[in-house]
Structure formats: C-alpha cells, structure tokens
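Novice: The opening position of the sequence shown corresponds to residue 21 in this note's numbering, with each subsequent residue numbered one higher. For each residue, glycine too, the CB sits at the ideal point set by N, CA and C. The structure that follows is given in the form of structure tokens.
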Amino acid sequence: MEALKKNPKWKGRRGPVVLVIMDGVGYGKYKEGDAVADSKMNNLDAIKAKSAHTRLKAHGKAVGLPSDDDMGNSEVGHNAIGCGRVFDQGAALVSASISSGAMFTGQAWKDVVSGVKGTTGTLHFIGLFSDGNVHSHIDHLKAMLKQAASEGVKKARLHILFDGRDVGETSALDYVDPFEAFLAEMNASGVDYRIASGGGRMWITMDRYGADWSMVDRGWNVHVLGKGRQFASAREAVETYRKEIPGIIDQDLKEFVIAEGGKPIGTIEDGDSVVLFNFRGDRALELTAAFEQDAFDKFDRVRRPKVRYAGMMEYDGDLHVPARYLVSPPAIDRTMGEYLAATGVRSLAISETQKYGHVTYFFNGNRTGKFDEKLEDYVEVKSDVVPFEQRPWMKCAEITDKVLEAIGSGKYDFIRLNFPNGDMVGHTGVYQAVVCSMEAMDLQLGRLAKAVQKAGGVMVLSADHGNSDDMYEHDKKTGASVRKEDGSFKAKTSHSLNPVPCIVFDPESKGEYADAVGEGSLKTGLGISSLAASTIELLGYLPPADYDPSVFSFK
21 MEALKKNPKW
31 KGRRGPVVLV
41 IMDGVGYGKY
51 KEGDAVADSK
61 MNNLDAIKAK
71 SAHTRLKAHG
81 KAVGLPSDDD
91 MGNSEVGHNA
101 IGCGRVFDQG
111 AALVSASISS
121 GAMFTGQAWK
131 DVVSGVKGTT
141 GTLHFIGLFS
151 DGNVHSHIDH
161 LKAMLKQAAS
171 EGVKKARLHI
181 LFDGRDVGET
191 SALDYVDPFE
201 AFLAEMNASG
211 VDYRIASGGG
221 RMWITMDRYG
231 ADWSMVDRGW
241 NVHVLGKGRQ
251 FASAREAVET
261 YRKEIPGIID
271 QDLKEFVIAE
281 GGKPIGTIED
291 GDSVVLFNFR
301 GDRALELTAA
311 FEQDAFDKFD
321 RVRRPKVRYA
331 GMMEYDGDLH
341 VPARYLVSPP
351 AIDRTMGEYL
361 AATGVRSLAI
371 SETQKYGHVT
381 YFFNGNRTGK
391 FDEKLEDYVE
401 VKSDVVPFEQ
411 RPWMKCAEIT
421 DKVLEAIGSG
431 KYDFIRLNFP
441 NGDMVGHTGV
451 YQAVVCSMEA
461 MDLQLGRLAK
471 AVQKAGGVMV
481 LSADHGNSDD
491 MYEHDKKTGA
501 SVRKEDGSFK
511 AKTSHSLNPV
521 PCIVFDPESK
531 GEYADAVGEG
541 SLKTGLGISS
551 LAASTIELLG
561 YLPPADYDPS
571 VFSFK
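What follows is the structure, given as structure tokens:
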C-alpha cells in the first residue's frame, strides 16, 4: 500500500480531524414523526449555523444496495464511509447469485444438499423472516426452498426470526400467512417443509458484538434443542404473545417451538444440514460460533449436533467465518484506514459495544484487526444490557469523555467515533425516548466542539443512515401519518430513506474551501462514500483517484 501524497492546496489544521457518526440521524421528510427536528438540538444548530454543510445520500444505490427503494443500514453505511467507494452489497450479491444460478452450483450449496438428500436428515434454515433487505430477504429463502425441492430434498424446517425493525413493527403475520400458503403449495408436491421455531430478533439469536449472549442461548434452545413454549403454529404463537403482552412489537416476541403431541417437529440432529440465510455479518457471527467452534464457553450448548453448516455469506473475511458459505461477500480493498496507516497517520476509533464493530470491522471493509498496531488505537465502551428506551442516552457521555482525553493528548491526527443513540433507540419506536437520546447526544456535541476549537482541529458531523428522523408510519400516497385505532400515531422502527448531514466545523477556517457557511456551501448530490475523500483532504493529503469525490472544492 502506497502512502498518500500531500495536498498542495491544503496543509491541514494544527489539531486533529474528528469524524462524528451520528448513527441514525437524518433530515426528515415529514414534520410529524421527525424526532431529530422535534428535539432541542441547540449545540448541533449552533455548530451548523457557523459551518459549511450539505446533505449526503445514505440509502439505495448510493451505498451499494439494489435499488433506491432500499433503506441504508449501519453495515453498508460504514463500509461506504470507510472505503470511499460504493461496492455491491449483500442483498444485491445474493439476488444476483440466485438469479444466475451460481449459488446452486457452488460447493457450499452442494454440500448442504448432499448431506440430507436420500437420507432421513433435515435441511434447516435459520434467519430474519422479512423483506427488509437489511439482514435478509424472504425471497431468498423461497428460492432456496424451491431449489432444494427440485434437487430431491424431502424434509426442511424453518426457524424464523420476526423483524419489526426493518419492516413494520407488528407486521409478522403479513409474512407468516402468505408463507404458510407457499409451504402448503410446496408440500402438495410431496415434500415436508414446515416452520419449526422462532421468536423476535431482539429476544433470540441475533445478538452482536457479544452484547448479550443470552439471546443466542435462547435461540439455540428453541432452534436446536426444541426447548421452549410450544404452539401448534407460528400464527398461534404471535397471537398468543400479543394478547398476553399488550403493546409488544415483533422484534421482542418471545420464543416459540412448533410441536405435535408434545414433541417438537424440528430439532436439529446429527446428520442434518443448516443454512443461516442472513447475508449481513454482525448479527450472524455469534450463532455461527455456536455451531462451528469446538472450544465454546458462552453458554451451555447441552449438545452440539454434527451438521453441515453454511452461512449465506462469509461473515468475517479475516477469520474466514463461517467455514462454508453460499455467496462470496464484496471484496472491499484499499480502505481509508489502510491508506492512513501507510501514510503514518495516528488514528483512534471508538464507540460503545453496539457500534464498536462498525467503526472498526465494517469501517475497514469487513476486516478484523488493525492495519498498524503502533498507529491505531481501538476503544470499546461497554454498552448497558438493558432495553434502549430505558437508557436512551446510552454511552454517549462516556464516549465523549474518552474522545476529549484523546484530543487533549495531542496523540492522534484522526479520530472517528459513533454515537449509536439515533439508531438503537430509534428502533424501539418509543418517541419520547428518541427525543431524550437526541438531546443527550447534543450535549456531547457541544463538549466536542469546544475541545476541537481549543485544539485547532476540524470536526465533521455526519451519519450512516437515517432513522430517528422518521419515527411514524406515513401513507405512501398522501404522506399523512398513520394512526392506530386509539388515535395514537403508528410507530415506525425501521431506517429511513432520508439524506444525512455533512457538517464541517472548522473554527480556524479562512475560506479555503467554501465561499460561505450554510446549505450548499459544500458540494451537493453526493453520497456518504464521499466522507472518505473529504476526511483525507482535511488531513492534508490527496485522496486516491478512484475514491468518490470530496465534498470540498478548494480555491
């Protein structure tokens, strides 16, 4: 890797460049439900008023997703920010692989099918059960079931994770009912394909970054061991829990096991095959570890069945996890982090557990570890293991404490941090908690601005996608807010399609790259992938020629 060349038009500032990723904070389209605009963001407003700023695209094709109807997410967002270019991402790669048939000619697919074909074994599918297209897509599952049937697989069991986060918060039955009809049609041809277990994605299975292994433990019990509350169908489970726990949303639905005569219909046994059909890696790594690791101490597996296990994609390119996967992930190379390390730039990456992997692993192009141990420091602030609406401020103050110390030390040229508040609390759908989370973060932005000004640095405020800016469901035709039967607004828990900020707070600016402060003083029409070239330029270097353009036009 070659070092970056000095920028003859810009020498940089005397202090560090601080990139603040306000996760899930965008510019709302609607007045009702825009918790960002509804919050008292006095510090952010003051910073913006004296800074050059613009808006960046953070969804759809701008971050490598199939279409502009696809919402952005933290994984692809941090990929784009960190690598400075747009790569086709998981959803697009999987869809293309299925359409071309390449998935089904690959060795991984052949392995899982041959393991159960012509035997009494079962082919199991575990994954997020929606068309949110962030972690998975239900159409991918349907395509694999059709292919398995065509290849002679007689028995399949599905272990479904309800979404309510990337899709409507109580939309589970909108997926269950049509899918049961789909399975009935398949079973009429002579196969035995059924839903066997499941639960909400934030209650079982889909933990990440080791934040709460008990979720994976619960998932293992229902998916593998068949231990859990029994029901006759997934619909019965959903309806029962909704009746017993008023107001519960899909992501929090409790675990269930489908049983007949008191016996689970889909435990995972020796000789079976298992496919985890999520294509996104962060919430797939822990279940993968439970299936693949010999030395495993996170919970008592009771038994570990001897299966042929495959992930939809390779979830960690450095550790090569899982050992078997159906579709190769995007080959992201030459990230900003790698260039900065080669140039001798001293860097710090910091967030709390919920987003620590985003400012490290995803930011570095799905790469675990550092590029240079001497030049890079990574700091994880441990997240609270409580529902986010109960601690909406999360760890933004503790993160800021450490960043202020880092700025004052003079040790770093570049600091990147993620405040998870707007995303993690936004997903709860609790409006008051989101407002609280925004105002808590705003207090920390004020602290950061003072420290950056004192050090003579530059602070770039942006986001990886929107979320808290769009907290209510809206009618797609009229734009009117959707209300529930009791007259209250229907909460939206998924990401938005809205643009995100790009605010460059540069107290020592002398007009080198903008004629004025305010909207449009930086380039418009760009995506968040332009943050890489922008950061490199602020550090005083020329970005790689093939990086997406910087937001600056230097005089």
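#1: Could you compute how far the alpha carbon of ALA23 sits from the alpha carbon of ASP568?
#2: Grab me the residues of LEU368's own chain with a C-beta within less than 6 Å of its C-beta, minus the 5 sequence neighbours each way, in chain order.
#3: Return helix, strand or coil for ASP197, following the three-state DSSP convention.
#4: Along the chain, where does the beta strand (DSSP E) that runs through ALA216 open and close?
#5: Expressed to the nearest angstrom, what Euclidean distance is found between the alpha-carbon atoms of THR555 and VAL37?
#6: Rounded to a whole number of angstroms, what is the C-alpha to C-alpha distance between LEU165 and ASP89?
#7: Tell me whether PHE574 is buried or exposed, calling it buried when 16 or more other Cβ atoms sit within 10 Å of its Cβ.
#8: Touch check for the stretch 227–237 and the stretch 271–285: three-plus C-beta pairs under 8 Å?
#9: Taking a contact to mean a Cβ-Cβ separation below 9 Å, would you say LEU143 touches VAL114 in this structure?
#10: Spatial neighbours of ASP131 within its chain, please: CB distance less than 8 Å, with the 5 preceding and 5 following residues excluded, ordered by chain position.
#11: Under 8 Å: do the stretch 233–253 and the stretch 315–324 share three or more Cβ pairs, one atom per stretch?
#12: Go through its chain and collect everything with a Cβ distance to GLY84's Cβ below 8 Å, but skip five positions before and after it.
#13: Distance check for SER529 and ILE370, CA to CA, integer angstroms please.
#14: Please name the residue, chosen from GLU312, ASP237, ASP566, VAL445, that lies closest to SER403 on a Cα-to-Cα basis.
#15: In chain order, what are the residue ranges of uninterrupted beta strand (DSSP E) at least 3 long that sit wholly in the stretch 267–315?
#16: In whole angstroms, what is the alpha-carbon distance linking ALA201 and GLY286?
#17: With 16 as the cutoff for other CB atoms within 10 Å, does ASN153 come out buried or exposed?
#18: ALA361 to ASP392, Cα distance in whole Å?
#19: Going by DSSP in three states, PHE382 sits in which element: helix, strand or coil?
#20: In angstroms with no decimal places, state the Cα-to-Cα distance between ILE523 and HIS73.
#21: Can you check whether the CB of GLN271 is closer than 9 Å to the CB of THR16?
#22: Beta-carbon separation of ARG177 and PHE199 under 9 Å?
#23: Note the first and the last residue of the continuous alpha helix (DSSP H) segment covering ASP108.
#24: Taking only the alpha-carbon atoms, compute the straight-line gap between PRO564 and SER120 and give it to the nearest angstrom.
#25: Taking the beta strand (DSSP E) that TYR398 falls in, what are its first and last residues?
#26: So, helix, strand or coil for TYR432, using DSSP?
#27: Three or more C-beta pairs under 8 Å: does that hold for the stretch 62–77 against the stretch 492–500?
#28: Any chance you could list the beta strand (DSSP E) runs of at least 3 consecutive residues sitting entirely within the stretch 465–550, in chain order?
#29: Run through the stretch 82–106 for me and flag every whole alpha helix (DSSP H) of 4 or more residues, listed as ranges in chain order.
#30: Expressed to the nearest angstrom, what Euclidean distance is found between the alpha-carbon atoms of ASP443 and PHE124?
#31: Beta-carbon within less than 7 Å of ASN207's beta-carbon, same chain only, minus the 5 sequence neighbours each way: which residues are those?
#32: So which of GLN313, GLY32, TYR47 has the shortest CA-CA distance to GLU539?
#33: Looking only at DSSP bridge pairs, what is LEU181 linked to?
#34: If distances are taken between C-alpha atoms only, which option among PRO527, SER570, ALA417, TRP413 comes closest to ARG34?
#35: In terms of DSSP beta bridges, what is ASP336 paired with?
#36: I'd like the span of the alpha helix (DSSP H) that includes LEU64, first residue to last.
Specialist: Inspection of the coordinates gives the following:
#1: 18 Å
#2: Spatial neighbours of LEU368 in its own chain (CB-CB distance under 6 Å, excluding positions within 5 residues in sequence) are listed in chain order as ASP397, ALA426, TYR432, ILE435.
#3: helix
#4: 212–220
#5: THR555 and VAL37 have their C-alpha atoms roughly 7 Å apart.
#6: Whole-angstrom Cα-Cα distance: 26 Å.
#7: exposed
#8: Under the three-pair Cβ rule at 8 Å, the stretch 227–237 does not count as touching the stretch 271–285.
#9: Not a contact, by the Cβ cut-off of 9 Å.
#10: SER293, ARG328, ALA330, ARG344
#11: yes
#12: VAL96, ASN99, ALA100, VAL106, PHE107, ASP108, GLN109, ALA112, PRO350
#13: 26 Å
#14: Closest by C-alpha distance to SER403, out of GLU312, ASP237, ASP566, VAL445, is VAL445.
#15: Segments of the beta strand (DSSP E) lying fully in the stretch 267–315: 276–280, 293–296.
#16: Their backbone Cα atoms lie some 19 Å apart in a straight line.
#17: By the 10 Å Cβ count, ASN153 comes out buried.
#18: 6 Å
#19: Of the three classes helix, strand and coil, the one that applies to PHE382 here is helix, per DSSP.
#20: 4 Å
#21: The displayed coordinates of the chain run from 21 to 575. Any statement about residue 16 would go beyond what the structure contains.
#22: At a Cβ-Cβ threshold of 9 Å, ARG177 and PHE199 do not count as neighbours.
#23: Note, ASP108: premise wrong, no alpha helix (DSSP H); not H, not E.
#24: 33 Å
#25: Taken as a continuous stretch (DSSP letters only), the beta strand (DSSP E) holding TYR398 covers 396–401.
#26: coil
#27: no
#28: 478–482, 520–525
#29: 94–103
#30: 36 Å
#31: TYR213
#32: TYR47
#33: According to DSSP, LEU181 bridges with LEU148, GLY219.
#34: PRO527
#35: VAL341
#36: 62–69
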